[in-house]
Amino acid sequence: MPQGEQKARESWGTRFGFIMAAAGSAIGLGNIWRFPYLTGMNGGGAFIVIYLGCVLFVGLSIMLGEFVVGRGTGLASVGAFKSRHRNWTFVGVLGVISSFFIYCFYPVVGGWAVAYMVKSLTGLLSNPGAIADYFGAFITAPLEPVIWTLIFLAVNLFVVAKGVSGGIELTSKILMPMLFGLLVIIIIKSLSLPGSGAGLTFLFKPDWSVVTGKTFLAALGQAFFSLSLGMGVMITYGSYLKKDEHLPSDALTVVSMDTLAAILAGIAIFPALFAFGVEPTAGTGLVFVVVPQVFAQMGGIGVLFSFVFFLALAIAALTSSVGLLETVVAYFMDEKGMSRKKATYISSAVTTVICILSSLSLGVMSGFSVFGVGVFDFFDILTDKIFLAIGGMCLAIYVGWVLNKEEVKLEATNRGALPFALFETWYAVIKYVIPVLVAVVAVSGIMAIEQQSLMIFGVVVIGVLALFSKKL
Ligand code: PFF
C-alpha cells in the first residue's frame with residue numbers, strides 16, 4: 006500500500022488517456038516492424054494463429070497481473086515489490102534494468118524511423134535499386150543516424166519531463182488515434198493494388214507445414230515484447246491508475262488494441278509486397294528496405310505513402326519509448342525521492358551516451374564488442390532473450406504464489422465492487438500454467454544465445470540481483 010509519507014502521486018487524467026498511453030507503450034516497433042517480419046519468416050497465417058493464442062492466454066494474464074501489482078501498491082516497478090515482499094525486489098529491479106537496456110537501443114531505431122519519414126520526401130524513393138545499399142550505408146554512418154537518434158531522444162525527454170497526464174497521456178491521446186488512422190490509409194492503398202489478394206491469403210491462410218517448436222517460441226517472445234510485459238512498464242503505468250478503474254477490462258482493451266495494430270500493420274504491408282512480387286521473408290530489413298522499395302514502385306504517390314508509413318512508425322516508437330524512460334524515471338522518483346525533472350535529465354543523460362554507442366556499434370565501432378557482440382546487439386539480446394521472459398515468469402510466480410489470493414481478488418475486482426467472472430480461471434492460469442510455459446521460453450531463449458559469455462553474463466546478473474537487490 007502507498008507509503009504514508011508520500012507526496013500526492015501523479016495519476017492519469019481519464020480512462021481513455023490511460024488506455025491510449027498503455028496501448029501506446031504496447032504498440033511500437035514490435036508491431037509494425039517485428040510482427041510483420043516474424044510473420045513473414047514463420048509461415049504467415051499459422052504464426053498469427055499461434056501468436057493470438059499466446060497473447061490471449063499468456064499476455065493478457067500477465068498484463069492484468071502487472072496492473073494488479075502496480076495499482077495495488079501505488080508504486081512503480083521496484084517499490085511495488087519492495088514495499089510488500091523485500092525478497093522479491095529483484096523482479097522490480099530486473100524490470101527497471103530491462104526498460105533501461107531497451108531504452109539504450111530502441112531510440113536508435115526510432116531515430117531511423119524519423120529519418121526515413123523525412124527522407125521519403127527528399128528523394129529516398131527516386132532510385133529503387135539503391136534503397137537496400139542506402140539503408141546499410143545510412144545506419145553504419147558515424148554521424149547522421151546519431152543526430153536522428155538525438156532528435157528522437159530529445160522528444161522523449163520533453164514528453165516525460167512534462168509528467169504522467171500532462172506529457173505521456175496527452176501525447177498518447179493525440180498520437181494513438183492518428184497512428185490507427187495512418188495505418189488505415191496505407192491499408193486502403195495496399196488493398197487497392199492489383200494482385201494484393203495473395204498477401205491476404207498469405208496472412209490469413211495458415212500453412213501448418215512450417216510450424217515447429219521455434220514458431221511457438223518466436224510467438225510467445227513476440228507477445229511479451231509487443232505487450233511491453235516483464236519490464237516493469239505496465240506495473241509503473243498501473244501505479245498511476247485510480248482505484249475505480251476496472252483492471253480486467255483495461256487489460257483486455259490494451260491487449261486487443263495491440264493485437265489489432267499488429268494485424269493492421271500486416272494487412273498494410275503484405276498485400277503490397279505480394280502485389281509487387283516481393284518475397285515476404287526479408288527479415289529485419291523488411292520495413293526499412295523492402296517497404297520503401299514497394300512504395301518506390303507506386304510512382305509519385307508512393308512518396309506520400311512512404312511518408313505516412315514512416316510517420317506511423319515514428320509515432321509508434323515514440324509512445325513506446327516514453328514508457329521505457331518513464332519506468333526508469335519513476336524508479337528514481339519513488340525510491341530515491343528525486344524530482345521528475347531531475348530524474349528525467351539524469352536518466353536521459355546516461356542513456357543518450359549509451360544510445361550513441363549503440364548507433365556507432367553498427368558502423369565505426371563495429372570492431373568493439375561486449376561479450377562477443379556489438380553494443381546495440383548486447384542490449385537487444387540480453388533483454389529479448391533473457392530478461393523479459395524471466396521477468397514475466399517471476400511476476401506470474403509472485404502474483405500466484407507470494408501474494409495473498411484474497412488480496413489479489415480484492416484488487417482485481419475493486420474490493421468486490423466490479424465483476425470479474427473469470428477470476429478463478431485467470432488465477433489458475435497465472436499460478437500454474439504461465440510459470441511453466443514461460444520457463445520453457447526463458448530456457449530455450451537463453452540456450453539459443455550463440456555467445457556463451459553473454460549468456461553467462463545475463464544469468465549471473467539475474468542471480469546477483471536476486472541476492473542483493475533487497476539492499477537497493
Ligand atoms: N511494446 C513495444 C513494441 O512493441 O515495440 C516495445 C516495448 C516498449 C517494450 C516499451 C517494452 C517497453 F517497455
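Add 5 to the 1-based position in the sequence shown for the numbering used here, that's all there is to it.
The beta-carbon is built from N, C-alpha and C at its ideal position, and this holds for glycine as well.
On a CA-only basis, which of C360, T418, A85 is nearest I152? Give me that one, please.
C360
Kindly list the residues whose CB is nearer than 6 Å to the CB of A27, restricted to its own chain and excluding five residues on each side of it in sequence; keep chain order.
Y242, V259
Straight-line CA distance for R39 to F230?
10 Å
How many Å lie between L265 and L184 at the Cα?
12 Å
So, does the CB of L69 fall closer than 8 Å to a CB anywhere in chain D?
Looking for chain D here will not work: only one protein chain is present.
Taking C-alpha atoms, which residue in S244, S326, V63 lies nearest to P440?
V63
Contact between the region 457-464 and the region 419-435: three or more CB pairs below 8 Å?
no
Restricting to Cα atoms, I'd like to know which of F275, F384, L252, F392 is closest to A422.
L252
Does the beta-carbon of M4, which I'm using as the reference point, lie nearer than 7 Å to any heavy atom of the ligand PFF?
Residue 4 cannot be examined here, being either before or after the span of the chain that is shown, 6 to 477.
Distance between L415 and A13 (C-alpha atoms, nearest Å)
23 Å
Given a cut-off of 8 Å, decide if V296 and G48 are closer than it, judged by their beta-carbon atoms.
no
So does the region 275-285 actually touch the region 192-212, counting three or more Cβ pairs closer than 8 Å?
yes
Quick check on P182: does DSSP put it in helix, strand or coil?
helix
Rounded to whole angstroms, what is the Cα-Cα separation between F293 and E331?
28 Å
Reduced DSSP category for G49 - H, G, I as helix; E, B as strand; rest coil
strand
DSSP beta-bridge partners for P211?
G49
Proximity winner among W213, E412, S233, I173, relative to G77 (alpha-carbon distances)
E412
Are S371 and P112 closer than 8 Å when you measure CB to CB?
no
Exposed or buried, K194, counting other C-beta atoms within 10 Å across all chains shown (16 or more means buried)?
buried
For Y121, the nearest candidate out of F312, R420, L442, S363 (CA to CA):
F312
Over the uninterrupted alpha helix (DSSP H) stretch that includes E71, give me the two end residues.
65-78
Out of I402, Q457, R420, A267, which one is the CA nearest neighbour of A433?
I402
So which of A51, E455, Q457 has the shortest CA-CA distance to L213?
Before going on, a small fix: residue 213 reads as Trp here, not Leu. When only C-alpha atoms are compared, the closest one is A51.
Three or more C-beta pairs under 8 Å: does that hold for the region 104-111 against the region 379-386?
yes
C-alpha distance - A447 paired with L222, whole-angstrom precision:
9 Å
Neighbouring residues (CB closer than 6 Å to any heavy atom of the ligand PFF):
S30, A31, G33, L34, G35, N36, S104, I107, F230, S231, S233, M236, V238, S325, G328, L329
Rounded Cβ spacing between G100 and M236 (contact assumed at less than 8 Å)
5 Å
In whole angstroms, what separates the C-alpha of S364 from that of I144?
7 Å
Please report the distance separating the alpha-carbon of Y350 from that of G172.
15 Å
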